[in-house]
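When you line the sequence shown up against our numbering, it's residues 168 to 408, in that order. Idealized CB from N, CA, C, for every residue including glycine. Okay, structure first, notes after.
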Amino acid sequence: MGRVALVTGGSRGIGAAISKALKAAGYTVAASYAGNDEAAAKFTAETGIPTYKWDVGDFDACTAGIAKVEAELGPVDVLVNNAGITKDGFFHKMTKEQWSAVIRTNLDGLFNMTRPVIEGMRARNFGRIIVISSINGQKGQAGQANYSAAKAGDIGFIKAIAQENASKGITANAICPGYIATEMVMAVPEEVLKTRILPQIPVGRLGQPEEIARAVVFLASDDAGFITGSTLSANGGQYMA
Ligand code: NDP
168 MGRVALVTGG SRGIGAAISK ALKAAGYTVA ASYAGNDEAA AKFTAETGIP
218 TYKWDVGDFD ACTAGIAKVE AELGPVDVLV NNAGITKDGF FHKMTKEQWS
268 AVIRTNLDGL FNMTRPVIEG MRARNFGRII VISSINGQKG QAGQANYSAA
318 KAGDIGFIKA IAQENASKGI TANAICPGYI ATEMVMAVPE EVLKTRILPQ
368 IPVGRLGQPE EIARAVVFLA SDDAGFITGS TLSANGGQYM A
């Protein structure tokens, strides 16, 4: 197939599962990350997928990083905007730093990563923009005004991008995961998981990173060419948007 996929935050958690699934589906994959060199090196050793370090919040770093990926692997056909952070706190206690850090990585990162690839996709008449949003961008979450705002922003973003680029063979879609069994969620005490989290999920379990990855592979495929501007909920029935 020869298509190139770039996954931000692609060396850990959900992003690592996405990178591996795209590779298994035949893509040439690049995984970016922020600073965890040890995890990135381990990931590359295990998978053979090259990793690239830059901050998605820094537009110039994204432009340079994407240029390096494209010089080494070829033009980016599939961009998976997965990198994200949380800095939780109730809004009446939230600092400007907590707000800005989350908006910068989760929302500015979308502009910074998508802007450098979109013109090439338009010129080649093919592209897939996939954003990993969150259930909390759909329903809001107490303690996460910053994260909920950024993740809701993902959804508005893909709808606008979908409209602007539909005639150029480019689709833009968001996936909204619920609770996924990554390091972050598995760090929650088991008692809290059993008594407070699992009862909210009708299927009665956490999602697996691979379940998000399979949805990404589908949205990236030619088979999904008629799906654009959509928001796919992957949350075990916790919130039916
Ligand atoms: P992890 O914390 O496990 O991994 C985050 C990845 O993003 C890491 O590779 C990290 O790099 C990278 N990253 C973070 N900040 C930056 C930055 N400024 N520039 C470049 N890369 C960055 O996250 P998850 O796998 O749990 O989450 C992945 C996505 O899914 C996020 O957008 C998250 O909001 C979303 N999500 C997760 C859910 C869950 O239950 N886990 C539920 C709903 C949505 P490094 O390795 O260098 O730190």
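Boundaries of the beta strand (DSSP E) harbouring S199: T195 to Y200, taken from the DSSP string. Under the 10 Å beta carbon count, R291 is surrounded by fewer than 16 other beta carbons and is classified as exposed.
With a cutoff of 8 Å on beta-carbon distance, I285 and I342 are scored as not near each other.
Relative to the ligand NDP, the nearest heavy atom lies less than 7 Å away from the CB of I299. DSSP places A339 inside the beta strand (DSSP E), whose first and last residues are I337 to P344. In this model, I302 and M288 are separated by some 29 Å (Cα to Cα). The C-alpha of R170 is placed about 24 Å away from the C-alpha of F226. For the pair G320 and A183, the Cα-to-Cα distance works out to about 24 Å.
Within the DSSP bridge table, the entry for K220 names Y200 as partners. Bridge partners of R295 according to DSSP: V245 and T338.
The shortest CA-to-CA distance from P283 to any of S300, V245, A234 and A333 is the one to A234.
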